[in-house]
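Q:
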Ligand code: T1G
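Numbering (our numbering), first residue to last: 9 to 712.
#1: Is the separation between the beta-carbon of residue 105 and that of residue 78 shorter than 7 angstroms?
#2: One question on the structure: do residue 468 and residue 448 come within less than 7 angstroms of each other, judged by their Cβ atoms?
#3: Alpha carbon to alpha carbon, how far is residue 624 from residue 566?
#4: How should residue 639 be labelled, buried or exposed, when 16 other C-beta atoms within 10 angstroms of its C-beta is the threshold for buried?
#5: Please state whether the Cβ-Cβ distance between residue 482 and residue 536 is less than 7 angstroms.
#6: Leaving out the 5 sequence neighbours to the left and right, which residues in its chain are closer than 8 angstroms to residue 11 when beta-carbon positions are compared?
#7: Could you tell me if the beta carbon of residue 71 falls within a distance shorter than 6 angstroms of some heavy atom in the ligand FMN?
#8: Name, in chain order, the residues that DSSP records as bridge partners for residue 14.
#9: Run through DSSP, which three-state label would residue 166 get?
#10: Kindly list the residues whose CB is nearer than 7 angstroms to the CB of residue 443, restricted to its own chain and excluding five residues on each side of it in sequence; keep chain order.
#11: Residue range of the alpha helix (DSSP H) that residue 673 falls in?
#12: Closer than 6 angstroms by C-beta to residue 495: which residues in its own chain qualify, once you throw out the five before and the five after it? Chain order, please.
#13: Do residue 29 and the ligand T1G come close, with the Cβ less than 6 angstroms from some heavy atom?
#14: Buried or exposed: which applies to residue 663, given that a residue is buried once 16 or more other Cβ atoms fall within 10 Å of its Cβ?
#15: Are the beta-carbon atoms of residue 653 and residue 278 separated by less than 7 angstroms?
#16: Answer yes or no: does any C-beta atom of chain D fall closer than 7 angstroms to that of residue 674?
#17: Under a three-way DSSP split, which group does residue 47 fall into?
#18: Return the Cβ separation of residue 211 and residue 151 in integer angstroms, given the expectation that the two are a contact with Cβ distance under 8 angstroms.
#19: Using 8 angstroms as the cut-off, can you tell me whether the stretch 677 to 686 makes contact with the stretch 251 to 271, which would need three or more C-beta pairs spanning the two stretches below that distance?
#20: Per DSSP, which residues does residue 497 bridge with? Please list them.
#21: Determine which residues share a DSSP beta bridge with residue 126 and list them.
#22: Short check: CB of residue 22 to CB of residue 57, under 7 angstroms?
#23: Label residue 430 either buried or exposed according to how many other C-beta atoms from any shown protein chain fall within 10 Å of its C-beta, with 16 as the threshold for buried.
#24: Residue range of the alpha helix (DSSP H) that residue 327 falls in?
#25: Where does residue 173 sit, in a helix, a strand or coil, going by DSSP?
#26: Should residue 273 go down as buried or exposed, given a rule of 16 or more other Cβ atoms within 10 Å for buried?
#27: Could you give the distance in angstroms between the alpha-carbon of residue 110 and the alpha-carbon of residue 66?
#28: For residue 369, which of 339, 287, 655 and 392 has the nearest alpha-carbon?
#29: To test your reading of the DSSP string, which unbroken beta strand (DSSP E) runs of 3 or more residues are found completely within the stretch 306 to 393?
#30: Which stretch, first to last residue, makes up the alpha helix (DSSP H) that contains residue 266?
#31: Let me know the secondary structure DSSP gives residue 574 once reduced to three states.
#32: Between 689, 475, 613 and 464, which has its C-alpha nearest residue 514's C-alpha?
#33: For residue 413, name the three-state secondary structure that DSSP assigns.
#34: Which of the three DSSP states is assigned to residue 710 in this structure?
#35: Is residue 67 near the ligand T1G - that is, is its Cβ less than 6 angstroms away from at least one heavy atom of it?
#36: Using C-beta distances below 6 angstroms, list every residue in its chain close to residue 232, excluding the 5 sequence neighbours before and after it, in chain order.
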């Protein structure tokens, strides 16, 4: 396939890039672009247009080439050729011109775009910064503030906004090529010269003192622990004092240090893992899927309402059913309130609110679910209640309707078994708040049909979720691993770490929230009920003893104003509670636990390694398809730091031998405590890979 085509149309040389799926700047594309630019310098064309086939303009460097030796011509060589062209070069943008793609457009002398197009520099989302002049050209074209906003956050902006900022010169409606050629001909008629961004000056107008440091502080919070945004700020700030070439040198230097960092390797891993997770190994990608035009949701509580919003947001009609009329009205009011919050945040307008509310119909009658294509049960987390709901659905719903449970833990096969259509039953585990959290665990029952799985994975994309396939076990992937994480957090309390030390250590490490504060947020009664319902927990008096005590004291967490911490009634600010720290000491003594000073290093290992260990078991049992899938679950559902790539990626970076040896040390540290030996029994897959000197990634590749 020819990645680059060149032809002359009137006075215009048209360079067309065609490298599906996103016209990434592969070696072939770079070579073809440079050849075409060089060739066109001597032909009859008066100006050149760079345009792309397919769904988008160039969407960036080819991320799959990172880590391999750069093959000439480099992107720098290509952009230099474009900028030094003696004829005006015009970029014609559609879809998303991102990263190196937008940098290519910035090296052009003029830029036009379809009104539906977007432009952006999302490199920080890969632990990188624009590595080919983006940090130097955007400030020259659009000013420092626009550069800081675009580059340190990495979100794309619309063609209209890009035009307002001076990044795009002309917005086209309708046929891009036609519009771009007309625009180019007009420039030729005007005898427009090659307008080089490198020659522009950066204005310091409006740059208040301390601007850069305020961004450094903002990003240190918003992108806690991430290096790339800080480097990007330095490069942008450099445009105020350095020449273009000096700035380019600094940018390249910082780009390479990011490229070679574990953070970028982790974030690039997650980029591909997120896309890989949506593919089911043993189901053909062209498996026919069922049409989902209408959805029924049972339970108008927090989860049911949040789930309903996802479908309404995607323009899919929802029947929200709750047998309790008051609960239904409350649920509908909460949905409306959530949308009103989005309006306040400028993410929605009144018309859209009403459109979405009109797609959600309340009902207290199961008969209203007779014609829906999919039902999602989101009732109380009790297996018997769920079974009775599914028995009813089996009687009422039309043949071919998909029957899904939103259960967080329960046995999907046991639920399917109460119906005459287990092949239509699946788990769709949303995460609270369901209208915000991106993760969706798709739980495959033993009898779930392939087309039902394929439909669910496709539907996840439709409602803007990241789907991960899980097998049936207690807690599927995420919650199963979380059990051990919570257990160790509380063991650490008995052994002498305060709630504040545990939580602050994990937050500094990168977790969105520490485990104890997270327990207070979710509600200690939830965890208590889950533990009491389980019959398979070790009969260890130390097991989650503190949260059980707190529950028995009526301290349920934020909802009751106190849990591990005290919460200010007005501001809900969290404060350490000396009474609880004293209570922990007394309980530790009663249980015969000797308290000691615990290092942050031990806290991190004691909390993260159980995730890795259980993740290894989950892989070995086939509950998750890939280690990357587990990483996606934790990055998108549990606040795991994206710059560490997820538990399994982090394990590979630490080294499985190191992880395994540390787990063995934890197992053997107290021979008298038999429970410790149980909790810290290394997973056999981890042991095997550690002994073979392999990584989880290598193990996964061997199964592709
Ligand atoms: N390189 C290689 N493959 C890519 C790719 C890229 N840049 N972008 C996407 N793909 C693959 C992706 O893995 C998937 O593969 C398929 O294309 C469709 O992607 C020098 C150094 C463009 C908005 O960060 O944001 O330039 O799973 O499912 O939902 O300064 O892809 O089909 O086998 O996401 O329509 C900067 C990343 C790179 C953009 C389209 N660019 N891509 O979304 O499709 S660094 C980015 C996206 C850089 C310079 C620096 C999205 C998209 P498969 P998809 P989509």
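Built from N, CA and C at the ideal position, the CB exists for glycine as well.
A: On the basis of the coordinates in this document:
#1: no
#2: yes
#3: Their Cα atoms are separated by approximately 33 angstroms.
#4: buried
#5: no
#6: 25, 26, 27, 34, 36, 37 and 40
#7: In terms of ligand content, the structure shown lacks the ligand FMN and carries the ligand T1G instead.
#8: 23
#9: Here DSSP, grouped into helix, strand and coil, assigns residue 166 to strand.
#10: 314, 317, 318 and 346
#11: 664 to 676
#12: none
#13: yes
#14: Residue 663 is classed as exposed because its beta carbon has fewer than 16 other beta carbons within 10 Å across all chains shown.
#15: yes
#16: Looking for chain D here will not work: only one protein chain is present.
#17: helix
#18: That belief holds up - the Cβ atoms of residue 211 and residue 151 are roughly 6 angstroms apart, short of 8 angstroms.
#19: Inter-segment contact for the stretch 677 to 686 and the stretch 251 to 271 is absent: fewer than three beta-carbon pairs are separated by less than 8 angstroms.
#20: Note: residue 497 sits in no beta bridge, so no partner.
#21: Bridge partners of residue 126 according to DSSP: 104 and 166.
#22: yes
#23: buried
#24: Unbroken run through residue 327 is the beta strand (DSSP E), 325 to 329; no alpha helix (DSSP H).
#25: helix
#26: buried
#27: 7 angstroms
#28: In terms of CA proximity to residue 369, 339 leads the group 339, 287, 655 and 392.
#29: Whole beta strand (DSSP E) segments, 3+ residues: 325 to 329, 368 to 371 and 382 to 385.
#30: 252 to 267
#31: strand
#32: 613
#33: Residue 413 sits in a strand when the DSSP states are folded into three classes.
#34: helix
#35: Because some heavy atom of the ligand T1G lies under 6 angstroms away, the Cβ of residue 67 counts as near it: yes.
#36: Apart from sequence neighbours up to five positions away, no residue of its chain approaches residue 232 with a beta-carbon distance below 6 angstroms.
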